[in-house]
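J.: Straight run, no breaks: the sequence shown in this note's numbering ends on number 424.
Glycine included, every Cβ here is placed at the ideal spot set by N, Cα and C.
Computed from a prediction, not measured in an experiment: that's the story for all the values here.
The structure follows.
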Amino acid sequence: MESVRLGIVGCGAIAQWHATALKHAERTTITACVDVVPAQAETLATSTNSVACSSITEALDVGVDALAILVPHDLHEKLVTEALEAGVHVALEKPMAPTLDACERILATAARHGDRVFMLTENAQYWPEVVMAQKLVAEGAIGEIVTARSWHNFGITKEFYPSDQSWRFRQASAGGGVALDTGSHWMRPLRMILGEIDEVVAVTGRLWEKMEGESLVRSLCLFQSGVVASFDVILATGAVGLQPHFQFTGTTGEIVISALGEVRLFDGKDWQGTVVGRGNYMDSYGGVWRDFEAAILDGKPLDADARYSLGEVAAANAIVRSARSRKWEKVW
Ligand SMILES: NC(=O)c1ccc[n+]([C@@H]2O[C@H](COP(=O)([O-])OP(=O)(O)OC[C@H]3O[C@@H](n4cnc5c(N)ncnc54)[C@H](O)[C@@H]3O)[C@@H](O)[C@H]2O)c1
């Protein structure tokens, strides 16, 4: 096999972003677009020169080697199971599932089809600025990590929150609030650089009345290394300012990843620091597909195996527990 024929299942907001990124995955071609809303499937199929389908079965008839499952969280388990049992490779959007039990069931199904690649598409794993910071830290550019800060404040958009009836506003379909949903992209970089989280303490809030899950998280994460990092996610009700996405403080310096894609190293040589790299969050999506096709076509191990993503689900669930108990909560 020289290239991957990919079917997209769920032709909504993130499918558009992935379709754009897939233009840079040289060995993957979208052949089928599946959605329960025909217009959604047809729009994406037209823009990707592929075939619109109403089910996974139809996509299999069109011809797919792999399926990307890009649907609301409560449907992940059902559709990923159907895809794996059909014998194709699968890329599933985050979170794997809202509960760890459901994640384990999915991983057990994936293990039964272990000759197929099962990827959890956490794009932050391939976020260029984060990968640069990870390398700098590993090279000792700021000494030993002392603390870190992850900050994500964002406004509501029609793209991801088309109405206050959006599935993201309902606990039954989203499985949680911003900690579980978009928070994963800001939690993964902390884990990539600081390791595993042991305990969290959090305060959450509901800024959006119609949203059943939390839209505000202020939390501290105690890592197994003993380092404490802050992790904040805010789905704001108004305009937001630009704050650094991440700040890693070490014994000899600091690395700051700005909201504009700049990686700045403070090592004492210049009080303004030195820009050591620039990147773009949107490029992280291309990394997902290059890794997926290399795993399928070359047998390369994924940069992060699917089980690794359970760390973000467990941390998000612990944040919610801590906000209720008002105490530190173990992540596992
Ligand atoms: N990586 C990221 O940056 C990122 C960003 C946004 C969303 N996501 C994730 O992507 C997934 C989808 O989110 P979204 O924002 O695109 O949602 P969305 O509502 O925009 O799109 C979901 C699509 O799935 C379709 N759908 C529903 N049930 C289906 C079924 N049974 N079969 C086929 N299609 C079905 C819907 O009609 C809709 O078109 C979620 O897991 C979400 O967390 C990831």
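(1) How should His116 be labelled, buried or exposed, when 16 other C-beta atoms within 10 angstroms of its C-beta is the threshold for buried?
(2) Kindly give me the distance between the Cβ atoms of Thr123 and Ser95, rounded to whole angstroms, as I take these residues to be in contact under 8 angstroms.
(3) Within 8 angstroms, do at least three Cβ pairs link the region 271–279 to the region 340–360?
(4) Nearest to Ala351 by CA position, among Gln316, Arg370, Phe261, is which residue?
(5) Apart from the five residues just before and just after Ser322, which ones in its own chain have a Cβ nearer than 6 angstroms to its Cβ?
(6) Sorted by chain position, which residues of the same chain lie with C-beta nearer than 8 angstroms to Val320's C-beta, five sequence neighbours on each side aside?
(7) Would Lys186 and Leu212 qualify as a contact pair, given that the criterion is a beta-carbon distance under 8 angstroms?
(8) For Ser307, count the other beta carbons within 10 Å of its own beta carbon; 16 or more makes it buried, fewer makes it exposed. Which is it?
(9) Indicate whether Tyr218 and Gly391 have their beta-carbon atoms separated by less than 8 angstroms.
(10) Return helix, strand or coil for Thr50, following the three-state DSSP convention.
(11) With DSSP as the reference, label Gly378 as helix, strand or coil.
(12) What is the rounded straight-line gap between the Cα of Val126 and the Cα of Gly269?
(13) Can you give the Cα-Cα distance for Arg204 and Ala396, rounded to whole angstroms?
(14) Could you tell me the boundaries of the alpha helix (DSSP H) in which Gly403 lies?
(15) Are three or more beta carbon pairs between the region 131–145 and the region 287–298 nearer than 8 angstroms?
(16) Within this structure, are the beta carbons of Ala328 and Gly247 separated by less than 8 angstroms?
(17) What residue does the alpha helix (DSSP H) around Glu169 start on, and which one ends it?
(18) Phe210: beta carbon under 7 angstroms from a heavy atom of ligand 2?
(19) If you draw a straight line from the C-alpha of Ala133 to the C-alpha of Leu98, how long is it?
(20) Please classify Leu176: is it buried, with 16 or more other beta-carbons within 10 angstroms of its beta-carbon, or exposed?
(21) Grab the span of the alpha helix (DSSP H) containing Val229 for me, first residue to last.
(22) Report the option in Asn215, Leu162, Asp207 whose CA atom is closest to the CA atom of Ala189.
(23) Provide the residue(s) that pair with Ala396 in DSSP beta bridges, ordered along the chain.
(24) Would you list the one or two residues that DSSP bridges to Asn245?
(25) Is it the case that the region 223–236 contacts the region 331–346, given that we only count it when at least three CB pairs across the two stretches are under 8 angstroms?
(26) Tell me whether Arg416 is buried or exposed, calling it buried when 16 or more other Cβ atoms sit within 10 Å of its Cβ.
(27) Given a cut-off of 8 angstroms, decide if Ala271 and Val348 are closer than it, judged by their beta-carbon atoms.
(28) Is it right to say Ala408 is buried, meaning 16 or more other beta carbons lie within 10 angstroms of its own, or is it exposed?
(29) Apart from the five residues just before and just after Lys422, which ones in its own chain have a Cβ nearer than 6 angstroms to its Cβ?
(30) Short check: CB of Val368 to CB of Leu228, under 8 angstroms?
(31) Can you grab the Cα-Cα spacing for the pair Met374 / Val332, in whole Å?
(32) Between Pro281 and ligand 1, is there a pair consisting of the residue's CB and a ligand heavy atom that are separated by less than 7 angstroms?
(33) Is Val128 near Ser146, with beta carbons less than 8 angstroms apart?
(34) According to DSSP, simplified to helix, strand and coil, what is Val295?
(35) Report the three-state DSSP secondary structure of Phe252 (helix, strand or coil).
T.: By the coordinates alone:
(1) Residue mapping note: residue 116 aligns to position 24 of the sequence shown, counting from 1. His116 is exposed by the Cβ-count criterion.
(2) Translated into the one-based positions of the sequence shown, residue 123 becomes position 31. Translated into the one-based positions of the sequence shown, residue 95 becomes position 3. 10 angstroms between Cβ atoms; not a contact.
(3) no
(4) Walking along the sequence shown from the start, residue 351 turns up at place 259. Nearest of Gln316, Arg370, Phe261 to Ala351, Cα basis: Arg370.
(5) Residue numbering aside, residue 322 sits at position 230 when the sequence shown is read from its first letter. Around Ser322: Arg241, Leu312.
(6) As a position in the sequence shown, residue 320 is number 228, starting the count at 1. Counting only Cβ-Cβ distances below 8 angstroms, and skipping sequence neighbours, we find Thr239, Leu312, Cys313, Leu314.
(7) By 1-based counting over the sequence shown, the position of residue 186 is 94. By 1-based counting over the sequence shown, the position of residue 212 is 120. Their beta carbons are under 8 angstroms apart, which means Lys186 touches Leu212 by this criterion.
(8) Taking the sequence shown and counting its residues from 1, one reaches residue 307 at position 215. Its Cβ being crowded by 16 or more others within 10 Å, Ser307 is buried.
(9) Locating residue 218 in the sequence shown gives position 126, where the first residue counts as 1. Locating residue 391 in the sequence shown gives position 299, where the first residue counts as 1. Going by C-beta atoms, Tyr218 is not nearer than 8 angstroms to Gly391.
(10) Absent from the model: residue 50. The displayed extent of the chain is 93 to 424, so no value can be given.
(11) In the sequence shown, residue 378 corresponds to position 286, counting from 1. Helix at Gly378.
(12) Sequence index remark: in the sequence shown, residue 126 carries index 34 (1-based). Sequence index remark: in the sequence shown, residue 269 carries index 177 (1-based). The straight-line gap from Cα to Cα measures roughly 26 angstroms.
(13) On the sequence shown, residue 204 is found 112 positions in, with the first residue counted as 1. On the sequence shown, residue 396 is found 304 positions in, with the first residue counted as 1. Whole-angstrom Cα-Cα distance: 19 angstroms.
(14) The count along the sequence shown starts at 1 and reaches residue 403 at position 311. Where Gly403 is concerned, the enclosing alpha helix (DSSP H) stretches over 402–417.
(15) no
(16) Position 236 of the sequence shown, counting from 1, holds the residue named residue 328. Position 155 of the sequence shown, counting from 1, holds the residue named residue 247. Closer than 8 angstroms, so yes.
(17) Here residue 169 is taken as the residue at index 77 of the sequence shown, counted from 1. Run containing Glu169: 168–177, per the alpha helix (DSSP H) assignment.
(18) In terms of ligand content, the structure shown lacks ligand 2 and carries ligand 1 instead.
(19) Along the sequence shown, read from residue 1 onward, the residue named residue 133 stands at position 41. Along the sequence shown, read from residue 1 onward, the residue named residue 98 stands at position 6. So the alpha carbons of these two residues sit roughly 14 angstroms apart.
(20) Here the question's residue 176 lines up with position 84 in the sequence shown. Buried, by the Cβ-count rule.
(21) Here residue 229 is taken as the residue at index 137 of the sequence shown, counted from 1. Val229 -> alpha helix (DSSP H) spans 220–230.
(22) As a working note, residue 189 is residue 97 in the sequence shown. Ranking Asn215, Leu162, Asp207 by Cα distance to Ala189 puts Leu162 first.
(23) Position 304 of the sequence shown, counted from the start, is the residue given in the question as residue 396. For Ala396, which the question treats as bridged, DSSP gives no partner whatsoever.
(24) One-based indexing of the sequence shown puts residue 245 at position 153. Ile326.
(25) yes
(26) Here residue 416 refers to the residue found at position 324 when the sequence shown is read from its first residue. Flag for Arg416 reads exposed.
(27) Residue mapping note: residue 348 aligns to position 256 of the sequence shown, counting from 1. Residue mapping note: residue 271 aligns to position 179 of the sequence shown, counting from 1. Not in contact: Val348 and Ala271 (Cβ atoms no closer than 8 angstroms).
(28) Position 316 of the sequence shown, counted from the first residue, corresponds to residue 408. By the 10 Å Cβ count, Ala408 comes out buried.
(29) Locating residue 422 in the sequence shown gives position 330, counting from the first residue. These residues qualify, in order along the chain: Glu291.
(30) As a first step, residue 368 must be located in the sequence shown, where it is residue number 276. As a first step, residue 228 must be located in the sequence shown, where it is residue number 136. Result yes, Cβ atoms of Val368 and Leu228 sit closer than 8 angstroms.
(31) As a working note, residue 374 is residue 282 in the sequence shown. As a working note, residue 332 is residue 240 in the sequence shown. Between Met374 and Val332, the C-alpha separation is close to 19 angstroms.
(32) Residue numbering aside, residue 281 sits at position 189 when the sequence shown is read from its first letter. Pro281 Cβ: outside cutoff for every heavy atom of ligand 1.
(33) Here residue 128 refers to the residue found at position 36 of the sequence shown. Here residue 146 refers to the residue found at position 54 of the sequence shown. The answer is yes: Cβ separation under 8 angstroms.
(34) Position 203 of the sequence shown, counting from 1, holds the residue named residue 295. Strand.
(35) In the sequence shown, the residue the question calls residue 252 occupies position 160. Note: Phe252 maps to coil in three-state DSSP.
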